[in-house]
Amino acid sequence: MSKMHIFINGKKLAAEEGETVLEVARRNGISIPTLCHHDALEPVGACRLCMVEITHADWKGWKGLVTSCLYPVEEGLEVLTDCDAVKRQRQTVLDLLMARCPDSEVIREMAEKHGEVTHYEPFDDGSKCIMCYLCVRACAKMGCSAISAVNRGTLKEIAPPFQTTPDACVGCGSCASICPTGHIEADDSRTSRKIWGRSFQFVACEDCGAPVVTEAHRDHSIARDGLAEDYYNRCAACKKKSLIGRFDKVGT
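The sequence shown begins at 148 in my numbering and counts up by one.
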């Protein structure tokens with residue numbers, strides 16, 4: 148991959164072909180807020196919070212706003228992450244999100260950090276969903292596609308097909324763990340998980356008894372990825388202890 152340099156807030160930074168502005172910024176400790184981005188998934192630019200201003204010495208003074216999670220770097224690119232135009236864009240997005248999800252602590256904290264309170268009448272239906280699609284994309288990545296966006300306009304929401312308990316769900320909890328606002332809830336006990344109207348039994352670690360994954364998740368992953376039948380018999384902590392024990396024996 149070819150090496151290059153870009154400028155973020157006036158600072159010259161090394162970059163590689165194929166990287167995005169957001170990747171370079173985060174690697175160098177430069178904060179750009181996001182809600183729909185996750186390193187394990189392809190970026191989609193849905194939340195619009197990661198907008199930055201770009202220009203270039205060869206562009207004859209032209210500059211514009213782009214989503215940093217999608218915009219590829221190029222030699223000599225100049226980026227501003229906190230200029231007035233970016234601040235206004237960010238505040239507008241948070242203004243709308245505050246009206247849509249007034250009960251979301253994450254949204255409130257982010258809005259407060261960027262000096263924004265909603266100028267609209269809050270649409271308080273108890274939902275914390277911002278339609279970022281992280282949960283849908285994570286579920287598809289798992290090979291399940293048990294949930295998706297349904298309906299249109301103000302009625303649009305994330306739900307299983309026909310809003311019934313989803314047969315394709317394996318109870319992995321990826322959707323709940325990746326949700327940035329805590330909208331999707333998973334009710335876990337020592338032995339089971341309840342999510343999307345279904346209850347899933349956990350596989351218990353054969354060494355310590357801790358829950359590992361749901362039985363449905365185990366069966367799905369073993370079939371999809373060709374894993375050994377006993378792959379999920381022990382939790383990560385016990386597997387680590389076992390490996391350390393093996394290395395200690397080798398050392399003696």
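Just so it is clear, CB atoms sit at the ideal spot from N, CA and C, and this is done for glycine as well.
Here the structure is a predicted model, which is why all the values come from computation and not from measurement.
Assigned exposure category for residue i - 16 Cβ within 10 Å defines buried
i	result
Cys286	buried
Leu390	exposed
Thr228	buried
Ala161	exposed
Gly355	In the sequence as presented, Gly is not what sits at residue 355; that position holds Cys. Exposed, since its Cβ has fewer than 16 Cβ neighbours within 10 Å.
Val264	exposed
Ile155	buried
Leu374	exposed
Arg284	buried
His152	exposed
Val397	Reliability fails at Val397, whose pLDDT of 46 lies under 50, so the model's placement of it is uncertain and the value that follows must be treated cautiously. Val397 is exposed by the Cβ-count criterion.
Ala172	buried
Ala204	exposed
Ala323	buried
Arg174	exposed
Arg299	exposed
First through last residue of the beta strand (DSSP E) which encompasses residue i
i	result
Arg340	339-342
Ile201	198-202
Leu281	Careful: Leu281 lies outside any beta strand (DSSP E), inside the alpha helix (DSSP H) at 281-288.
Ala293	Looking at the DSSP string, Ala293 is not in any beta strand (DSSP E), and its letter there is neither H nor E.
Sub-8 Å separation of residue i and residue j beta-carbons
i	j	result
Tyr280	Asp242	no
Ile117	Leu182	This structure leaves residue 117 out entirely; the chain is present only between 148 and 399.
Ile201	Glu225	yes
Arg337	Pro308	no
Gly344	Thr301	no
Lys275	Thr328	yes
Ala351	Arg340	no
Ala315	Ser292	yes
Leu169	Cys230	no
Met321	Met289	The sequence shown places Ser at residue 321, rather than the Met named in the question. Yes; because the gap between Cβ atoms is below 8 Å, this pair is in contact.
Val317	Ala363	yes
Val240	Leu196	yes
Gln238	Leu212	no
Cys282	Ile331	yes
Val233	Val199	yes
Pro219	Pro249	no
Pro180	Met245	no
His185	Ile369	no
Cys319	Val360	yes
Arg371	Glu353	no
Bridge-paired residues (DSSP) for residue i
i	result
Met151	Ala162
Ala264	The question names Ala, but residue 264 in the sequence shown is Val. Note: Val264 sits in no beta bridge, so no partner.
Leu227	Glu200
Pro219	Thr167
Ala306	Ser295
Residue range of the alpha helix (DSSP H) that includes residue i
i	result
Glu256	252-260
Leu243	231-247
Starting from the N-terminal side, write out each stretch of the alpha helix (DSSP H) that is 4 residues or longer and does not extend beyond the segment 168-215.
168-174
Along the chain, which unbroken stretches of the alpha helix (DSSP H) at least 4 residues long are found entirely within the segment 320-369?
321-325
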